[in-house]
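Peer 1: This is the structure I have questions about; it appears just below.
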Amino acid sequence: MLDIYYFENQIAKSPYLPLYNIPVKPRFKFNDETTLKIDYREGERNRTVTFTGNPKYLSLLLEGKMKLSTLLRQEMIEFHGTLRQRLKWEAIFYLSSHWEQISAGVLVRTAKNI
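Number 186 in my numbering belongs to position 19 of the sequence shown; there are no gaps in the numbering.
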């Protein structure tokens with residue numbers, strides 16, 4: 168079974184949530200093996216998005232190894248939410264899974280330029 172709590176915590180540690188107006192750590196819930204529900208606050212509003220599909224593809228999404236748009240285009244998972252939410256969560260998954268590498272790259276480049 169997919170360890171959603173690891174990804175929930177990884178995303179919560181990411182510095183990118185405030186950029187997307189998400190002030191509080193999102194809550195991940197598995198309704199069953201194939202349905203991931205994310206409850207979050209966007210500013211003052213409560214929001215929910217749902218991803219449905221094979222746990223393997225959900226894992227690839229959460230790990231930032233496959234983009235949400237690719238998985239949707241190839242009909243590997245389904246997304247329930249608005250287009251704006253889809254774009255937001257695609258960016259959050261990718262950036263949150265790579266933020267340590269991104270920040271290390273920025274710091275290394277900055278140090279070399281000094």
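Yeah, the Cβ is synthetic: ideal placement off N, Cα and C, and Gly gets one too.
Quick caveat: nothing in here was measured; it's all calculated off a predicted structure.
Would you mind reading off the limits of the beta strand (DSSP E) that contains residue 237?
Peer 2: From DSSP, residue 237 is part of no beta strand (DSSP E) but of the alpha helix (DSSP H) over 235 to 240.
Peer 1: Can you name the start and end residues of the beta strand (DSSP E) that residue 227 belongs to?
Peer 2: Unbroken run through residue 227 is the alpha helix (DSSP H), 222 to 229; no beta strand (DSSP E).
Peer 1: Check whether the stretch 246 to 266 and the stretch 170 to 184 touch, using three or more Cβ-Cβ pairs below 8 Å as the test.
Peer 2: yes
Peer 1: Out of 248, 235, 257 and 172, point me to the one whose CA is closest to residue 192's CA.
Peer 2: 172
Peer 1: Can you name, in chain order, every residue of its own chain whose Cβ lies under 7 Å from the Cβ of residue 255, other than the five neighbours on each side?
Peer 2: 187
Peer 1: Using a Cβ-Cβ cut-off of 7 Å (strictly less than) and excluding sequence neighbours within five positions of residue 209, which residues of its own chain qualify?
Peer 2: 188 and 189
Peer 1: Does DSSP classify residue 192 as helix, strand or coil?
Peer 2: Coil at residue 192, not helix or strand.
Peer 1: What does DSSP give as the partner residue(s) for residue 212 in the beta ladder?
Peer 2: 209
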